[in-house]
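Residue numbers (our numbering), protein chains in the order written: chain A, 1232 to 1590; chain B, 1232 to 1590. All residues carry an ideal CB built from backbone N, CA and C; glycine is no exception. Here the structure is a predicted model, which means the values were calculated and not measured. Below: the structure, in structure tokens.
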DNA sequence: CAATTCTGCTAAAACGCTTGATCAAGCTCT
DNA sequence: AGAGCTTGATCAAGCGTTTTAGCAGAATTG
């Protein structure tokens, strides 16, 4: 039995639950109109700063005062009802927190949306198809201006049927079929850039530790590597391409094989592999960048910027992906009819590469 | 002057911009009612599965068929207008993408909100006070059920005035003044747990590398360390507490000092410092966990799980923070009147700690 | 000075939905 | 047979805005 001592009127005891006072009903347009002694139409006109409207300065001021005094806030729901479409953009993501990647897409989308007066409505589906359908339904019911459908790693996807009931843009993924607008990172250019970092420091024998798992990134980054070599007139040597699982353990495990290749530099499929490789190299007494230069891919800040030495890498432009997705959705940026729009992957140079001393 | 060639009816050239066909007006309740030959009231009743309503099975079916045929979706804005309060919960964050932390708060909040039929409306303020005010205003206009105000690291904050116009809960931060509900990680317990990992493996001389910058975490984690030692009857030795900037470089730089202390184990303020420390230790030829045991704090997956050896640490429960925030907002979980509600920080044991061989 | 144009403001419909009040039938009781 | 239920459905008001058409009076014009 709970003691009855808590019946005291204002319990100030340590564990007393917070009493939330009921909120007053929000102030409406009508109340403002009454307070200012004008019609609701007038108030609306003032609130929305309609240029065309003819309202005397006197009235205008009275209305504004009333608004301030009452603390009026327009009811966006009512506005939306009238206008037919909300100032929402929906973002459905398959993994919000697994990596910082999705966070950056959200961030970019949110900033850009905000810039154009839109708010972001997000839903996390964890890859669950049913959740996804529900999430899209919810967004549709809220009459979103459009939906950004995003994945945390670059891949092909199929477009859920209900997505077609709204405007939508695929972000960080694409669909083979029908003209769905999409924006993805330019993996090929990224791979080229990564390789070029090494090239421009004089390296000629450059290994590439690719991922084992199939993905657009796997193909694109390899292709970029080839293009960069070719541009320098270096023949592609398939023997210099290794494959490993794209994480720290994979990079670590590839060390042995790598060293057999007698290269002066390595380009890793991603930063996590580079991190593992650092360990492998160090265990064998090899110094970065003096004994071997390393570049990664992804620019995962927590890792790349703080490795010893800091890792040169190529950025996956997730923020830009989100922002570009929004622009495309709003029709501010044109989509290509035939293929996903590719976003540039910028180079980030740190200290894991050094000019090769002439032999 | 733009060339007129684009006037061709359907440009099919490779770079032709995608023509978006105008969307048909969404189907309304009224249209469904007409199609089914009933009143809108009836349709509303069956859509909302009102138990009390008396609708014959025949009618019910006709309505449902019409709904399906027309592809009707309720207009949530209209519903909200009527009901007065939306199914939105707002989340304002000061840094969505800087760390994975905010992502996890969002994730937890979104999952929990969804579970109760709410959608998450998010805004990123980047710490900008003006943006913050705008974001909150927007949420108020959308008549959110309440607002979660979150910070990416645990700290004191002051509550923006406009926040008080709505229900709100502070997440990962707290306010000294007035009874604002808040939920924060239990830093003390976390510090205790971290130390206990070491203790239970037989370590007695345990160093603590604390942060230099003041924060609830700094005090709490230290206090937890003291409590754990005390519980084991080990006198606190201030000489075993170092301080460094809480990142990789800080941890690396602390190595030297640490080794002068002649300890068998270290507890680092966070995983990033531990990562730096790994490098420092390795450079000096010391092996983890054999020569020295290490535990971190935060459980930053990308780092902790993939260091060599994987790092034992304590989790910062960001997901739970977000989820608990939502529950508290919805009144499903009681807030304490006097202090922020503290969320448990779970231990994550990996391989950076080994039982100390008896001397 | 009458005709016209401006100026400042309002009335009222519409947006899509919910819900309490109401109603017409068909039943079941005495 | 009439009173009283029950059943199945409709009516209509109202939620808080926006916006078009229109109106009264003042100012300008010829």
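Does any CB atom of chain B fall closer than 8 angstroms to the CB of residue 1440(A)? no
May I ask you to report which of helix, strand or coil DSSP gives residue 1390(B)? coil
Nearest candidate by alpha-carbon position, reference residue 1503(B), set 1484(B), 1520(B), 1519(B), 1527(B): 1527(B)
Counting only runs that start and end within the segment 1501-1586 of chain B, where is the alpha helix (DSSP H) found for 4 or more residues in a row? 1502-1514, 1532-1535, 1549-1560
Residues bridged to residue 1355(B) by DSSP? 1324(B)
Could you tell me which residues DSSP pairs with residue 1297(B) in its beta bridges? In DSSP, residue 1297(B) forms no bridge with anything.
With the cut-off set at 8 angstroms, would you say residue 1452(A) and residue 1421(A) are in Cβ contact? yes
Determine the extent of the beta strand (DSSP E) in which residue 1498(B) is found, giving its start and end residues. 1496-1499
Where do the N-terminal and C-terminal ends of the alpha helix (DSSP H) with residue 1307(A) fall, by residue? 1307-1314
Closer than 8 angstroms, CB to CB, is residue 1335(B) near chain A or not? yes
Ends of the beta strand (DSSP E) at residue 1401(A)? 1399-1405
Looking at the strands, I want to know which residues DSSP matches up with residue 1379(B). 1322(B), 1400(B)
Listed by chain order, chain B residues near residue 1373(A) by CB distance under 8 angstroms: 1307, 1308, 1350
For residue 1385(B), name the three-state secondary structure that DSSP assigns. strand
Kindly indicate the opening and closing residues of the beta strand (DSSP E) around residue 1416(B). 1413-1416
Nearest by alpha-carbon distance to residue 1356(A): which of 1454(A), 1282(A), 1391(A), 1479(A) is it? 1391(A)
Counting contacts by CB-CB distance shorter than 8 angstroms, is residue 1506(A) in contact with chain B? yes
What in chain B is Cβ-close to residue 1338(A), meaning under 8 angstroms? 1327, 1328, 1355
For the ligand PLP, is there a heavy atom less than 7 angstroms away from the beta-carbon of residue 1373(B)? The ligand PLP is absent from the structure shown, which contains no ligand whatsoever.
Determine the contact status of residue 1397(B) and residue 1362(B), defining contact as a CB-CB distance below 8 angstroms. no
Ordered along the chain, which non-local residues of its own chain (more than five positions away) have a Cβ less than 6 angstroms from that of residue 1353(A)? 1322
Taking the alpha carbon of residue 1579(A) as the point to measure from, which residue in 1555(A), 1548(A), 1560(A), 1570(A) has its own alpha carbon closest? 1548(A)
Quick one: what's got a C-beta closer than 7 angstroms to residue 1270(A)'s C-beta in the same chain, skipping five residues either side? 1264
Minimum Cβ-Cβ distance from residue 1317(B) to chain A less than 8 angstroms: yes
Using the Cβ count rule (16 or more neighbours within 10 Å means buried), how would you classify residue 1287(B)? exposed
Provide the residue span of the beta strand (DSSP E) that contains residue 1442(A), from first to last. 1437-1442
If you reduce the DSSP assignment to three classes, tell me which class residue 1284(A) lands in. coil
Give the single residue among 1399(A), 1492(A), 1395(A), 1425(A) whose Cα lies nearest to the Cα of residue 1413(A). 1399(A)
Since residue 1489(A) and residue 1448(A) should fall inside the 8 angstroms C-beta cutoff, what is the C-beta to C-beta distance between them, to a whole number of angstroms? Contact doesn't hold; Cβ gap of about 20 angstroms is too wide.
Inspect the beta-carbon positions of residue 1308(B) and residue 1317(A) and report whether they are closer than 8 angstroms. yes
Got a sec, what are the start and stop residues for the alpha helix (DSSP H) residue 1263(B) sits in? 1260-1267
Just to confirm before moving on: does the CB-CB distance between residue 1336(B) and residue 1334(A) stay below 8 angstroms? no
For residue 1461(B), the first and last residue of its enclosing alpha helix (DSSP H): 1447-1462
Does the beta-carbon of residue 1329(A) have 16 or more other beta-carbons within 10 angstroms, so that it is buried, or is it exposed? buried
Reference residue 1306(B); option with closest CA among 1465(A), 1313(A), 1531(A), 1297(A): 1313(A)
Which of helix, strand or coil DSSP assigns to residue 1480(B): helix
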